[in-house]
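Using our numbering, the letters of the sequence shown correspond one by one to residues 268 to 559. Ideal placement from N, C-alpha and C gives every residue a C-beta, glycine not left out. The structure presented is a predicted model; accordingly, all values stated were derived computationally and were not measured.
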Amino acid sequence: MLLVWIVLPLLAAAVCVIWIYWAHSSLALITHFSGAKDWSEAGQWGDSFGGFNALFGALGFSAVMATLLFQAISLNRQQRDLHRQAFESSFFEQLRLLREARNEVRYLFSAAYRNEVPSSNSSLRGEQTGLKAFRAAVLEAKHWMDRDAKAGEKLTAEEVGRIYQKRIHSRFESTFGTYFRLLNAALARIDNDKMLSKSQKITYANLLRGQLSTFEAALAGYNALAPFSGNFKHLVIEFRLLKYIRTGATRTLLKQYYPESTFISRPKRRGLWPLQNNLVSQENDVEAVDEA
């Protein structure tokens with residue numbers, strides 16, 4: 268900034284000195300360079316520079332347009348940076364609310380399930396909360412889907428969704444409903460944002476996905492097939508939400524209703540924009556279950 272305040276006055280002073288010198292010595296200079304003896308001959312010589320005047324005028328106009336373009340680009344970049352800062356602030360707040368909602372989830376095996384599987388899953392008897400609630404819900408959902416499947420045939424996606432809605436979701440809608448509405452809203456906000464680039468959307472979605480345990484992801488896969496899920500299945504597929512489901516019967520079942528890309532990483536590409544954050548993905552503190 269100090270350099271600007273020094274250079275600009277000096278440049279202005281130089282222009283003024285040159286202009287004054289030209290005003291007093293113009294004919295002598297023209298005579299020296301063109302050989303003209305009077306102003307009429309000098310005028311003819313000066314007219315020959317008309318093309319240069321047009322060129323310099325065009326260059327000056329181009330410089331003005333380039334300046335306006337650079338200013339527009341700079342303004343657009345500033346707007347995107349401000350938008351991203353605002354987005355990140357609300358996004359991390361959504362993650363916080365999602366974790367709180369997860370801790371509030373409750374689940375209890377149904378009486379019908381306990382009658383049919385009386386001796387298994389003793390560690391999950393009684394009402395479960397948090398991650399254990401998701402684990403119990405996935406186990407019971409898989410049981411009813413296996414039982415309702417006809418021999419040699421697979422259930423349709425609509426049938427899986429209705430079983431999940433009837434056997435699992437409707438019984439504890441007050442907590443599961445809140446959790447999945449928050450998850451849906453967070454993913455939809457990423458998907459619908461017009462100012463985020465594709466790589467930024469992927470990065471934010473990956474950050475959200477990293478917060479999910481394998482049982483949360485599996486139950487999200489069932490939830491997205493339910494009649495009430497709306498656009499949730501599209502979001503599950505778009506952001507590959509089922510990637511971290513452990514190998515086993517649940518993963519095999521869900522692969523019948525989702526494309527293979529939903530379960531794998533995206534191909535690595537150069538130039539992906541890395542999101543700098545200090546949010547560490549929460550580890551799954553629930554021991555694995557043999558679903559086979």
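Residues that DSSP places opposite residue i in a beta bridge
| i | result |
| --- | --- |
| Gln-395 | Tyr-374 |
Cβ-based neighbour list, residue i, same chain, cut-off 8 Å, excluding 5 preceding and 5 following
| i | result |
| --- | --- |
| Ile-255 | Not covered by the structure: residue 255. The range shown for the chain is 268 to 559. |
Residue i to residue j span [Cα, whole Å]
| i | j | result |
| --- | --- | --- |
| Ser-356 | Leu-349 | 11 Å |
| Leu-449 | Ala-487 | 12 Å |
| Ala-484 | His-436 | 15 Å |
| Gly-538 | Tyr-471 | Only weak support is given to the placement of Gly-538: the predicted model assigns it a pLDDT of 44, under 50, and the question is left unresolved by the model. |
| Thr-519 | Tyr-525 | 10 Å |
| Thr-481 | Gln-345 | 39 Å |
| Ser-329 | Ile-340 | 16 Å |
| Gln-395 | Ala-404 | 10 Å |
| Ala-281 | Met-332 | 26 Å |
| Leu-278 | Ile-285 | 11 Å |
| Arg-513 | Phe-401 | 14 Å |
| Thr-445 | Leu-336 | 47 Å |
| Thr-517 | Ala-353 | 38 Å |
Given residue i as reference, the closest of the options once Cα atoms are compared
| i | options | result |
| --- | --- | --- |
| Glu-407 | Ser-386, Val-503, Arg-434 | Arg-434 |
| Lys-399 | Asn-370, Ala-416, Lys-417 | Asn-370 |
| Leu-375 | Gly-327, Arg-366, Ser-466, Ser-389 | Ser-389 |
| Arg-533 | Lys-417, Ile-469, Leu-326 | Ile-469 |
| Leu-562 | Gly-327, Pro-385, Asp-458, Leu-422 | A question about residue 562 goes unanswered here, because the residues of the chain that appear run from 268 up to 559. |
With 16 other Cβ atoms within 10 Å as the buried cut-off, status of residue i
| i | result |
| --- | --- |
| Met-412 | buried |
| Arg-351 | buried |
| Arg-414 | exposed |
| Ser-441 | exposed |
| Val-372 | buried |
| Gln-338 | exposed |
Own chain partners of residue i with C-beta closer than 6 Å, once the 5 adjacent residues on each side are dropped
| i | result |
| --- | --- |
| Thr-529 | Ile-504, Arg-507, Leu-509 |
| Pro-276 | none |
| Ala-424 | Leu-492, Tyr-524 |
Sequence-distant residues of its chain with Cβ nearer than 7 Å to residue i (five each side left out)
| i | result |
| --- | --- |
| Ala-416 | Leu-422 |
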